[in-house]
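A.B. asks:
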Amino acid sequence: MRAEIENVVDEIKQAISLLRRHLDWDQAVRRLDWLNNKAEDPNLWNDATEAQKLMRERQQLDDGITGLRGLEQQLKDNIELIELGEEEGDADIVKDAENALKELRTEANRRQVEAMLSGEADGNDTYVEVHSGAGGTESQDWANMLLRMYTRWAERQGFKVELLEIHDGEEAGIKSATILVKGHNAYGWMKTESGVHRLVRISPYDSNARRHTSFSSVWVYPVVDDSINIDINESDCRIDTYRSSGAGGQHVNTTDSAVRITHIPSGIVVACQQERSQHKNRAKAWDMLRARLYEAELKKREEAANAEAASKTDIGWGHQIRSYVLQPYQLVKDLRTGVESTAPSDVLDGELNEFMEAALAHRVSGGADASVEDLA
Numbered sequence: 001m002r003a004e005i006e007n008v009v010d011e012i013k014q015a016i017s018l019l020r021r022h023l024d025w026d027q028a029v030r031r032l033d034w035l036n037n038k039a040e041d042p043n044l045w046n047d048a049t050e051a052q053k054l055m056r057e058r059q060q061l062d063d064g065i066t067g068l069r070g071l072e073q074q075l076k077d078n079i080e081l082i083e084l085g086e087e088e089g090d091a092d093i094v095k096d097a098e099n100a101l102k103e104l105r106t107e108a109n110r111r112q113v114e115a116m117l118s119g120e121a122d123g124n125d126t127y128v129e130v131h132s133g134a135g136g137t138e139s140q141d142w143a144n145m146l147l148r149m150y151t152r153w154a155e156r157q158g159f160k161v162e163l164l165e166i167h168d169g170e171e172a173g174i175k176s177a178t179i180l181v182k183g184h185n186a187y188g189w190m191k192t193e194s195g196v197h198r199l200v201r202i203s204p205y206d207s208n209a210r211r212h213t214s215f216s217s218v219w220v221y222p223v224v225d226d227s228i229n230i231d232i233n234e235s236d237c238r239i240d241t242y243r244s245s246g247a248g249g250q251h252v253n254t255t256d257s258a259v260r261i262t263h264i265p266s267g268i269v270v271a272c273q274q275e276r277s278q279h280k281n282r283a284k285a286w287d288m289l290r291a292r293l294y295e296a297e298l299k300k301r302e303e304a305a306n307a308e309a310a311s312k313t314d315i316g317w318g319h320q321i322r323s324y325v326l327q328p329y330q331l332v333k334d335l336r337t338g339v340e341s342t343a344p345s346d347v348l349d350g351e352l353n354e355f356m357e358a359a360l361a362h363r364v365s366g367g368a369d370a371s372v373e374d375l376a
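Going by UniProt numbering, the sequence shown opens with residue 1, and the numbers climb by one from there.
#1: Is G195 helix, strand or coil by DSSP?
#2: Just to confirm, are R322 and H131 a CB contact at a threshold of 8 Å?
#3: What does the alpha-carbon distance come out to for the pair D90 and L101?
#4: Any heavy atom of the ligand MG closer than 7 Å to the Cβ of A271?
#5: Can you name, in chain order, every residue of its own chain whose Cβ lies under 6 Å from the Cβ of W45, other than the five neighbours on each side?
#6: Just to confirm the assignment, what range does the alpha helix (DSSP H) spanning A236 have?
#7: Apart from the five residues on each side of it in sequence, which residues of its chain come closer than 8 Å, Cβ to Cβ, to D206?
#8: Please check the pair R298 and K333, which I expect to be a contact at CB under 8 Å, by giving their CB distance rounded to whole angstroms.
#9: Are the beta-carbon atoms of I174 and Q140 separated by less than 8 Å?
#10: Smallest Cα separation from W286: which of D26, V269, Q27?
#11: Throw me the rounded Cβ distance for the G67 and R105 pair, which I believe falls under 8 Å.
#12: Taking the C-alpha atoms as reference points, what is the distance between E80 and I16?
#13: Quick one: what's E103 bridged to in DSSP?
#14: In this structure, how does DSSP classify Y294 when only helix, strand and coil are distinguished?
#15: If you compare alpha carbons, which of E170, H362, A177 is closest to E162?
#16: Ends of the alpha helix (DSSP H) at L68?
#17: Output the distance between the C-alpha atoms of K95 and G135, rounded to the nearest integer angstrom.
#18: Going by C-alpha to C-alpha distance, which of D24, R21, A143 sits closest to V128?
#19: Are the segment 49 to 65 and the segment 148 to 162 touching by the rule of at least three beta carbon pairs closer than 8 Å?
#20: Do you know how far the Cα of K300 is from the Cα of Q320?
#21: For A258, name the three-state secondary structure that DSSP assigns.
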């Protein structure tokens, strides 16, 4: 076996070992057996909430155990194929098996990242807010590009996206928007995207074709389910209603159906204009406020998240987590991990996994932000 492929095999074995430890293999297998037996109990669904909780746990354990067994079997099969091909002098068999091992390494690395998503709310759906910074049309257009980037990323992951609220810019782009991303581990994947994002490009709105730098901020927070109790005093909140904005808003809404809730003690503001009914928008806005308050509590318990919250205080220089340069060269650079891409168009089209995986690994390891020089 070639040295390169031996290294690939070693990487896969290391990943499998880490996954086994993370899963606590023996305990996980016993727990899954118990849950499978419990699923056969006709009295299980007498308590629907508890039953759903157990079935979610069962599915997660089954996915983890089945996936790990699959990695081990594929590793074994392809090693045997290489040995067989080498014995028989069949280069095609060897090449196919080597390629399969490289793909298996990618899959093992992906599963390692998934294993990092074990936080309290990582498995939940997530809200994503995008806000333009100072700079008028330039930053508003940039905010719209970020909204599209995250929408495309979510669709690539097989997640569902709902637009909850949007405020259009005066000439182009958006002042702010909120989307709901629905899918397993949506929050876990996206939580490291909170922060300020910087764009450098030749402005399409500048007749002199000068370079412009624009900033927009992103805030990611998890949807909270009924098992998480968040108490909110309504007397602490101000509720405002207004007419929906955005495409079709003037035609669809002739009443003040959109709802904005301000939580006065924390200063948190949420808004929803997705539904035609003010009652439905109000209910959704309360859910969003519960989620924001829950996310604030999570951040109090996590130093790394506190640092991120501080980075969002100003939407401008010195606070960005990632820079996207389109002119005079093409490069996207994460200023926490140093990960780069020379294909900004692909990144802006939703190819974000490399950045997210590196940020997750960095966060899980508990390391401080890397000393990474920003792009000019």
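From the three backbone atoms N, C-alpha and C, an ideal C-beta is built for every residue, glycine too.
C.D. replies: Put simply:
#1: In the sequence shown, the residue the question calls residue 195 occupies position 195. Strand, per DSSP.
#2: Against the sequence shown, residue 322 aligns to sequence position 322. Against the sequence shown, residue 131 aligns to sequence position 131. No, the pair does not count as a contact, with Cβ atoms beyond the cut-off.
#3: Within the sequence shown, residue 90 is the residue found at index 90, counting from 1. Within the sequence shown, residue 101 is the residue found at index 101, counting from 1. Approximately 17 Å between the Cα atoms of the pair.
#4: Annotation note on the ligand MG: not contained in the displayed structure, which lists no ligands.
#5: Numbered from its first residue, the sequence shown carries residue 45 at position 45. Only A51 meet the Cβ criterion.
#6: Reading the sequence shown from its first residue, position 236 is the one you call residue 236. Looking at the sequence shown, residue 236 is not Ala but Asp. Element bounds for D236: n/a, residue is neither H nor E.
#7: Walking along the sequence shown from the start, residue 206 turns up at place 206. Excluding sequence positions up to five before and after D206, its CB lies within less than 8 Å of the CB of H212, all in the same chain and listed in chain order.
#8: Your numbering for residue 298 matches position 298 in the sequence shown. Your numbering for residue 333 matches position 333 in the sequence shown. Note on identity: in this sequence residue 298 is Leu, with Arg being the wrong assignment. Contact annotation, L298 with K333: C-beta distance approximately 28 Å; criterion of less than 8 Å not satisfied.
#9: Position 174 of the sequence shown, counting from 1, holds the residue named residue 174. Position 140 of the sequence shown, counting from 1, holds the residue named residue 140. Yes, Cβ-Cβ distance for I174 and Q140 is below 8 Å.
#10: Against the sequence shown, residue 286 aligns to sequence position 286. Here the closest residue by C-alpha is V269.
#11: Against the sequence shown, residue 67 aligns to sequence position 67. Against the sequence shown, residue 105 aligns to sequence position 105. With a Cβ gap of about 14 Å, G67 and R105 do not count as contacting.
#12: Taking the first residue of the sequence shown as 1, we reach residue 80 at position 80. Taking the first residue of the sequence shown as 1, we reach residue 16 at position 16. The alpha-carbon atoms of E80 and I16 are separated by roughly 18 Å.
#13: As a working note, residue 103 is residue 103 in the sequence shown. Bridge partners of E103: none, in fact.
#14: Taking the first residue of the sequence shown as 1, we reach residue 294 at position 294. If DSSP states are grouped into helix, strand and coil, Y294 belongs with the helices.
#15: Residue numbering aside, residue 162 sits at position 162 when the sequence shown is read from its first letter. Closest option to E162, Cα to Cα, is A177.
#16: As a working note, residue 68 is residue 68 in the sequence shown. Where L68 is concerned, the enclosing alpha helix (DSSP H) stretches over 48 to 88.
#17: The residue given as residue 95 occupies position 95 in the sequence shown. The residue given as residue 135 occupies position 135 in the sequence shown. If you take the alpha carbons of K95 and G135, they lie about 54 Å apart.
#18: The sequence position of residue 128 within the sequence shown is 128, counting from 1. Out of D24, R21, A143, A143 has the C-alpha closest to the C-alpha of V128.
#19: no
#20: As a position in the sequence shown, residue 320 is number 320, starting the count at 1. As a position in the sequence shown, residue 300 is number 300, starting the count at 1. Approximately 21 Å, taken between the alpha carbons.
#21: Taking the sequence shown and counting its residues from 1, one reaches residue 258 at position 258. Correct three-state label for A258: strand.
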